[in-house]
Amino acid sequence: MLSVNRRILISAPHESVRNYLADLGEIAQYEPKVDSFTLSPAGDGAAEAGGRFLGIPWRGTFRFEFRPDGGYRGVMVSGPLRRMECRVMIRPVNGGTVLEHEEDYDLPLLLKPLRPLVKRWLDHTLETELDLIKERAEALNRKVQLDVLDG
397 MLSVNRRILI SAPHESVRNY LADLGEIAQY EPKVDSFTLS PAGDGAAEAG GRFLGIPWRG
457 TFRFEFRPDG GYRGVMVSGP LRRMECRVMI RPVNGGTVLE HEEDYDLPLL LKPLRPLVKR
517 WLDHTLETEL DLIKERAEAL NRKVQLDVLD G
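Residue numbers (our numbering): 397 to 547.
Pasting the structure below:
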């Protein structure tokens, strides 16, 4: 199992970060490995996603569940990997919200010799993802504040 995790301080209140993450359709906007993301119309937390992993096209089905803290957990139920899971956790702190993101991958035998390269690449994609979430959650918070001022 290959695991990567990162955390970041977002200069926005917990509720703004929660509201941004609640729109799972945004995953294609901030997750570098995902090019397309479609939620099931049944509203059951299922989603189809596709993208590129180390430049290799992939497609899979995921099951998402929201966590009590406002984050979410996503598990690949079908796709190119035997197991892939992501967890996003948020908690309020002085000055904003800490977001922690963890991803676990059960790599195929073919990729195991490339584990150090894959880990570096995943670390980079996770940092990019957190920077985008931070930027967009803070922008959402600014919009909410401006809307309140405009009455």
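Cβ coordinates follow ideal geometry from the N, Cα and C atoms, glycine included.
Query	Result
Contiguous beta strand (DSSP E) assignments of at least 3 residues, all confined to the region 416 to 474	430 to 435, 442 to 449, 452 to 462 and 468 to 474
Proximity of A438 and T493 at Cβ, strictly below 8 Å	no
I423 classed as buried or exposed, judged by whether at least 16 other C-beta atoms fall within 10 angstroms	buried
Where L398 sits in the DSSP three-state scheme	strand
Whole-angstrom distance between S412 and D420, CA atom to CA atom	The question names Asp, yet the displayed sequence has Leu at residue 420. Each residue's alpha carbon lies about 14 Å from the other.
Inter-residue spacing [alpha-carbon to alpha-carbon] between Y501 and V471	10 Å
Buried versus exposed, by CB contacts within 10 Å (16 or more), A418	exposed
H497 burial status per 10 Å Cβ neighbour count (16 or more: buried)	buried
When G441, L522, G447 and G451 are compared against Y468, the one with the closest alpha-carbon	G441
Cβ shell of E523 (< 7 Å), same chain only, five flanking positions each side left out	R402
Separation of L506 from L495, as counted between CA atoms	32 Å
Same chain, Cβ closer than 6 Å to I486, five either side skipped, listed in chain order	V413, D465, G466, G467, T493 and L495
Residues of its chain near V548, where Cβ-Cβ distance is below 8 Å and the 5 sequence neighbours each way are ignored	Because the chain is modelled from 397 through 547, residue 548 falls outside the range shown and cannot be assessed.
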